[in-house]
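In this note's numbering, the protein residues as written are 21 to 461.
Glycine residues also receive a C-beta, built at the ideal position from the N, C-alpha and C atoms.
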Ligand code: HEM
């Protein structure tokens, strides 16, 4: 393992290469290993059966880790950050809005936005395709979450979300509880961005509450407004605001990243890109993809599944022990921070053959069934499983199919993974987009 220093512990090694450090720690110290990052002590857990113990079997003994708790000033008590009975009630109310049948109605919206982006791409031009993916998934989440309402605010919302997201990876952010209200430029920008998002979200909620016909529309917010618990209670404006903010943040960057890493992987694996183009041509020809095509686009889905294995956007997950716990023969005292990383486990040669290779075909057989549970968990698991999983999978397949049908994307410089809250490509994804030649027949 990399070096350990007095006071700062493994921090220098972690700062230099977080993922390399965590993999080396697993290799050297095994499936339960202690890491010290300055003042923060954490336990790295790297075996699927232990992940299952945390996420499923004994999930009530754990809560979200300190890192996620720092997002509370932005997310409030939304689904990602809330706990206990409050979270259970919110999840019960929100769940129907994410049912497969419900989200099926969003397929056309997703394809419309992807076609609009493709119409802006010029053959042979160079552009930051990661930026394109961020705008695309933001437009989609805004439209499916709020209906048409956010259209007039789309640019403001995009800008405000970007400010918030960037600030949450800034070191100053960790000091926010002590610094709030202080007039530093970064904090002012952050607070103004949160206020802007609040104004838009509360405005939409108020309009929908007043206008009944809008409430009956099919967007997610309308469904959350109508959701009624067994005791007849529904969500307050503050709860709706927190859920909307959470869905805005959780629902667009992750999917954008899944697509961005896919463009990189297709660039360095041209044989996969060719196979993908073949499937798109066979299944779709020249017509636009639709919901009915999703089950037929098997190779496209495997490309996405494999991309989520090699570059999981939510590259690391954490929990805090609510009590003293025995895990894998080790004593984990109450209050300990525990991390388990899809990146580390999904590239473990004990579970995946040639784990560094991008091979969508590995998913075409019954790998899913033969894998130990939680050897592959890009969407987490147990009761806190990503509520947007089906939404994201459908979205990723439809967006990739629509864009790759018309264009080949060549990423010009190999992107450097930047593992912050999510796994971002450092400096974006400068790419050349080239129109695909029409397939014969
Ligand atoms: C490829 C895209 C996505 C990935 C990789 C992803 C990943 C994850 C993961 C790993 C978790 C669990 C976190 C934990 O256990 O601490 C999670 C939770 C969550 N995700 Fe996603 N997500 C994606 C897309 C989406 C979308 C599209 C939405 C909404 C439209 C969404 C909304 C949420 C919410 C609300 C939670 C919290 C659920 C709860 O605790 O009840 N995600 N996501």
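Item	Value
Separation of residue 105 from residue 135, as counted between CA atoms	42 Å
When 413, 323, 102, 438 are compared against residue 126, the one with the closest alpha-carbon	413
Beta-bridge partners of residue 46, as assigned by DSSP	Residue 46 is not bridged to any residue.
Given residue 361 as reference, the closest of 39, 33, 373, 30 once Cα atoms are compared	39
Assigned secondary structure, residue 103 (DSSP; H/G/I helix, E/B strand, else coil)	coil
Residue 243 versus 117, 311, 155, 188, residue with shortest Cα-Cα distance	117
Whether residue 456 touches residue 428 by CB criterion (9 Å)	yes
Closest residue to residue 390 among 378, 408, 399, 371 (Cα-Cα distance)	371
Continuous alpha helix (DSSP H) stretch holding residue 89: start and end	86-89
Cβ contact (3+ pairs, closer than 8 Å) linking the stretch 214-232 and the stretch 260-274	yes
Residue 86 classed as buried or exposed, judged by whether at least 16 other C-beta atoms fall within 10 angstroms	exposed
Residues near residue 434 in its chain [Cβ-Cβ closer than 8 Å; skip 5 each side]	284, 288
Where residue 339 falls: helix, strand or coil (DSSP)	strand
Residue 119 - DSSP class collapsed to helix/strand/coil	coil
Span of the beta strand (DSSP E), counted from its first residue to its last, around residue 365	First-last for residue 365: 362-366, but that is the alpha helix (DSSP H), not the beta strand (DSSP E).
Residue 136 in three-state terms, based on DSSP	helix
Assigned secondary structure, residue 147 (DSSP; H/G/I helix, E/B strand, else coil)	strand
Residue from 44, 274, 37 with nearest C-alpha to residue 154	274
Spatially closest choice to residue 132 from 443, 68, 418, 436, by CA coordinates	418
Backbone CA spacing between residue 267 and residue 406 [nearest angstrom]	11 Å
Inter-stretch contact at 8 Å, needing at least 3 Cβ pairs: the stretch 58-78 / the stretch 347-365	yes
C-alpha gap between residue 383 and residue 332, whole angstroms	16 Å
Short Cβ contact (9 Å threshold) for residue 140 with residue 341	no
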